[in-house]
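The next block holds one structure in the form of structure tokens; read it before the comments.
Numbering (my numbering), first residue to last: 2 to 231.
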């Protein structure tokens, strides 16, 4: 049986957010596992998931420019993953945001968890202006549609800690022979029966399952058509 290791991260605290989806979704995926039989509209008719086991590892990341990437890198070194999915919270989002691009810029008047303010500063002065995601966004969006999960593409993850972590992750990924990685922004959890803003926790967990499952499929059978960056 082929074993694939997945690391999924989320930021550990946001002011004013009592139930943080970036903590709850990774934790749930570890506890429940990822049912590959539920991934894809064809229920894996092609048998690509036969004899495949996915081991999910979750890690909570501080909202810190200086500590976010070292914390994730420590988890990566321990798990030796084939896939790394970083998640964060986007307060204004009404659905899941699939981030296409990590930009080489830190620029926010808001301080991080260590009271650091970064203004108009490159993440890596010697690095490229941006990195593209390596997640199969087209296939993920197809699953979201099937599962009635509101979602959209996002051109970038802003210029705060989410983007900084995304950039460092993709920078590391570019040095690896075969690792897929990317960043997904989650909306607030809506506790009402009729959703007014955000999604229910169960919908967000299903979204996390779809992201992991379709990325596993893409890892096993790569197709350039699954990457959607335009």
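Using N, Cα and C, we set each Cβ at its ideal position, and we do this for glycine too.
Which of the three DSSP states is assigned to residue 136 in this structure? In the chain shown, residue 136 corresponds to position 135, counting from 1. Coil at residue 136, not helix or strand.
Span of the alpha helix (DSSP H) around residue 165: Residue numbering aside, residue 165 sits at position 164 when the chain shown is read from its first letter. Per DSSP, residue 165 belongs to the alpha helix (DSSP H) from 162-174.
Helix, strand or coil: which one does DSSP assign to residue 189? Counted from its first residue, the chain shown places residue 189 at position 188. DSSP places residue 189 in coil when its eight states are reduced to three.
Let me know the secondary structure DSSP gives residue 106 once reduced to three states. Along the chain shown, read from residue 1 onward, the residue named residue 106 stands at position 105. It is coil, neither helix nor strand.
Under DSSP, the beta strand (DSSP E) around residue 57 begins and ends at which residues? Within the chain shown, numbered from 1, the residue matching residue 57 stands at position 56. Residues 53-62.
When DSSP builds the beta bridges, which residues end up paired with residue 9? Within the chain shown, the letter at position 8 stands for residue 9. Paired residue(s): 59 and 86.
Determine the direct distance from the alpha carbon of residue 8 to that of residue 129, and round the result to whole angstroms. On the chain shown, position 128 is the one that residue 129 refers to. On the chain shown, position 7 is the one that residue 8 refers to. So the alpha carbons of these two residues sit roughly 25 Å apart.
Alpha carbon to alpha carbon, how far is residue 111 from residue 56? Against the chain shown, residue 111 aligns to sequence position 110. Against the chain shown, residue 56 aligns to sequence position 55. About 36 Å.
Spatial neighbours of residue 66 within its chain, please: C-beta separation below 7 Å, excluding the five flanking residues on both sides. Translated into the one-based positions of the chain shown, residue 66 becomes position 65. Excluding positions up to five away in sequence, the list reads 107, 113, 117, 119, 162 and 165.
Measuring only the C-alpha atoms, how far is residue 99 from residue 2? Translated into positions along the chain shown, residue 99 becomes position 98. Translated into positions along the chain shown, residue 2 becomes position 1. When rounded, the distance between both Cα atoms is 31 Å.
Environment of residue 91 [buried if 16+ CB atoms lie within 10 Å]: As a first step, residue 91 must be located in the chain shown, where it is residue number 90. Buried, since its Cβ has 16 or more Cβ neighbours within 10 Å.
Leaving out the 5 sequence neighbours to the left and right, which residues in its chain are closer than 6 Å to residue 221 when beta-carbon positions are compared? Against the chain shown, residue 221 aligns to sequence position 220. Answer for residue 221: 49, listed in chain order.
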